[in-house]
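Take the position in the sequence shown, starting the count at 1, then add 390; the result is the number in the numbering used here. A quick write-up on the structure given underneath.
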Amino acid sequence: MDPADERGFREFVAARSPALMRLGYLITGGDQYAAEDLVQGALAKLASRWRRVQAPEAYVRQIMYRQHISWWRTAARRGEVVQAAPPELPGEDRTHQSELRMVLRSALARLTPRQRTMLVLRYFEDLPDHQVARELGCSVGTVRSTTHRSLARLREIAPELAEELEAVR
Numbered sequence: 391m392d393p394a395d396e397r398g399f400r401e402f403v404a405a406r407s408p409a410l411m412r413l414g415y416l417i418t419g420g421d422q423y424a425a426e427d428l429v430q431g432a433l434a435k436l437a438s439r440w441r442r443v444q445a446p447e448a449y450v451r452q453i454m455y456r457q458h459i460s461w462w463r464t465a466a467r468r469g470e471v472v473q474a475a476p477p478e479l480p481g482e483d484r485t486h487q488s489e490l491r492m493v494l495r496s497a498l499a500r501l502t503p504r505q506r507t508m509l510v511l512r513y514f515e516d517l518p519d520h521q522v523a524r525e526l527g528c529s530v531g532t533v534r535s536t537t538h539r540s541l542a543r544l545r546e547i548a549p550e551l552a553e554e555l556e557a558v559r
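What follows is the structure in structure tokens.
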């Protein structure tokens with residue numbers, strides 16, 4: 391990589407790493423270490439193709455989605471169950487919104503990786519059904535039915551989120 395490309399890559403990493411870490415954290419169900427691994431692996435793949443990539447952010451996000459799918463497919467074959475509890479933060483804000491965030495993180499961690507990924511792509515990333523289907527390599531009907539079941543499961547797991555989840559309908 392020549393110095394100009396390296397500078398561009400470093401600037402991209404500095405500017406977009408926080409957003410990519412938030413995405414990784416959500417996709418992995420609150421597992422900080424898995425999120426860091428996911429982002430680091432995606433950025434490493436981007437670095438090797440930096441000169442040829444037209445839209446680096448979209449490219450990195452797609453790598454993250456696909457890598458995470460690969461991880462949960464492998465975990466399913468091994469029969470592992472991945473669960474993560476959100477980290478305890480000192481001096482945590484006790485407002486209603488903070489409490490809802492904690493409940494949501496906990497509830498997302500209790501969903502299957504596929505359900506969690508669908509919800510993150512659909513509502514956090516705000517991608518339309520057809521794009522989620524393309525990213526995950528499934529049909530639009532699968533996205534819609536999985537999203538519907540995932541929201542129903544969230545309502546079941548965390549009834550205190552009912553009001554917020556009604557806005558999603």
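Each residue gets a CB set at the ideal place from its N, CA and C atoms; glycine is no exception. A quick note: this is a predicted structure, and the numbers were derived from the prediction, not measured.
Within 10 angstroms of its Cβ, does residue i collect 16 or more other Cβ (buried), or is it exposed?
i, result
"Q505", "buried"
"Y455", "buried"
"A404", "exposed"
"H538", "exposed"
"S535", "exposed"
"M391", "exposed"
"S460", "exposed"
Would you kindly report the start and end of the unbroken alpha helix (DSSP H) that includes residue i?
i, result
"G420", "Taken as a continuous stretch (DSSP letters only), G420 belongs to no alpha helix (DSSP H), as it is neither H nor E."
"Q521", "D519 to L526"
"V533", "V530 to I547"
"Q444", "Looking at the DSSP string, Q444 is not in any alpha helix (DSSP H), and its letter there is neither H nor E."
"L509", "P503 to L509"
Between residue i and residue j, is the Cβ-Cβ spacing less than 7 Å?
i, j, result
"I453", "A434", "no"
"M498", "G419", "In the sequence as displayed, the identity of residue 498 is Leu instead of Met. For L498 and G419, yes; Cβs fall inside 7 Å."
"A523", "V533", "yes"
"A548", "V493", "yes"
"D395", "R441", "yes"
"D519", "V530", "yes"
"A552", "R545", "yes"
"I417", "T507", "yes"
Excluding five sequence neighbours on each side, which residues of the same chain lie with their C-beta closer than 6 Å to the C-beta of residue i?
i, result
"E429", "What sits at residue 429 in the sequence shown is Val, not Glu. Correct list, in chain order: L410, M411 and G414."
"E525", "Y455"
"R400", "none"
"E550", "V493"
"R500", "I547"
Using a Cβ-Cβ cut-off of 7 Å (strictly less than) and excluding sequence neighbours within five positions of residue i, which residues of its own chain qualify?
i, result
"P446", "F402 and L436"
"E554", "L490"
"R406", "E447"
"V443", "L436 and Y449"
"F514", "L416"
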